[in-house]
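**Q** Residue numbers (this note's numbering): -5 to 148.
Using N, Cα and C, we set each Cβ at its ideal position, and we do this for glycine too.
If you're wondering where the values come from, they're calculated on a predicted model, not measured in any experiment.
Got a structure for you, questions after.
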């Protein structure tokens, strides 16, 4: 029986570079059975401009850690943590839903159907001590270029 996959998978830069990098990250961290490797890969695989977004974000913003959301878990496309604050209560979580050619919309929490389970995803990060319950969060919905621009300014 396949094990339950986490809602969030950490993506270091090497995992965002190529499909092989993502596959290696999945193999190392999730250790799926060989018979489940391909289906597990597809759960976290990139579409459209998501890989370019992940790669550019991680190259430009080294203070940020990036997680790819399980695409069936309704936690948006990515969760980003700003680890520049040593106190987990002061670390901000950014919930990202990429929408091609849409202007950026920023809100103080999850918005919309595709982010309905974000609290469950964030609980995985809280269990690791990376953020505290009640830590600030922002939802960023819009084109990848707009979301990247947000991090250039903030």
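#1: Quick check on residue 75: does DSSP put it in helix, strand or coil?
#2: What's the C-alpha gap between residue 63 and residue 81?
#3: Classify residue 138 as helix, strand or coil using the three-state DSSP reduction.
#4: Within the chosen definition, does the stretch 64 to 74 reach the stretch 2 to 17 through at least 3 CB pairs nearer than 8 angstroms?
#5: Can you confirm whether residue -3, when its beta carbon is compared against all beta carbons of chain B, has any partner nearer than 8 angstroms?
#6: Rounded to whole angstroms, what's the CA-CA distance from residue 61 to residue 105? Just pull it up for me.
#7: What do you get for residue 94, buried or exposed, if any count of 16 or more other CB atoms within 10 angstroms of its CB means buried?
#8: Please specify which runs of the beta strand (DSSP E), each continuous and at least 3 residues long, are wholly inside the stretch 0 to 82, giving them in chain order.
#9: Considering only the alpha carbon of each residue, which of 121, 146, 135 and 148 lies closest to residue 100?
**A** Straight from the coordinates:
#1: strand
#2: 24 angstroms
#3: helix
#4: yes
#5: This model lacks chain B altogether; it includes just one protein chain.
#6: 18 angstroms
#7: exposed
#8: 2 to 4, 58 to 63 and 72 to 76
#9: 135
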